[in-house]
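A.B. asks:
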Amino acid sequence: MIIVNVKENESIEKALKRFKKKFDKTGAVRELRARQHFVKPSVKNRDQKIKAAYKQRLQTEEMK
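Each residue of the sequence shown is one higher than the last, beginning at 0 in numbering that gives the first Met the number 0.
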């Protein structure tokens with residue numbers, strides 16, 4: 000459970016912004032989306048390799 004204490008003279012918008020930031024850090028929404036359907040381990044591994052290759056290509060292009 001996420002608890003956000005609202006400080007004195009603090010607007011609700013700021014407190015809500017802090018709550019949203021904490022909620023995003025927990026990764027709850029990402030996990031729910033990932034669990035909507037089963038992904039085979041081989042597909043997960045393939046996607047990870049594709050993402051890693053993409054990141055590597057971006058880094059090498061950035062260094063040029």
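Yeah, the Cβ is synthetic: ideal placement off N, Cα and C, and Gly gets one too.
1) I'd like to know whether the C-beta of I11 is nearer than 8 Å to at least one C-beta of chain D.
2) Helix, strand or coil: which one does DSSP assign to Q35?
3) Taking only the alpha-carbon atoms, compute the straight-line gap between E12 and K54 and give it to the nearest angstrom.
4) Using the C-alpha atoms, what's the distance from R29 back to I1?
5) Given this structure, state the Cα-to-Cα distance separating S56 from K24, to the nearest angstrom.
C.D. replies: To lay it out plainly:
1) Looking at the structure shown, chain D is missing, and only one protein chain is on hand.
2) In the sequence shown, residue 35 corresponds to position 36, counting from 1. In the displayed model, Q35 falls within coil according to three-state DSSP, outside both helix and strand.
3) Taking the first residue of the sequence shown as position 1, residue 12 is located at position 13. Taking the first residue of the sequence shown as position 1, residue 54 is located at position 55. Rounded to whole angstroms, E12 to K54 spans 36 Å at the Cα level.
4) As a first step, residue 1 is located in the sequence shown; it is residue number 2 there, counting from the start. As a first step, residue 29 is located in the sequence shown; it is residue number 30 there, counting from the start. Their Cα atoms are separated by approximately 17 Å.
5) Here residue 56 refers to the residue found at position 57 of the sequence shown. Here residue 24 refers to the residue found at position 25 of the sequence shown. In the sequence as presented, Ser is not what sits at residue 56; that position holds Arg. The straight-line gap separating the alpha-carbon atoms of R56 and K24 is approximately 28 Å.
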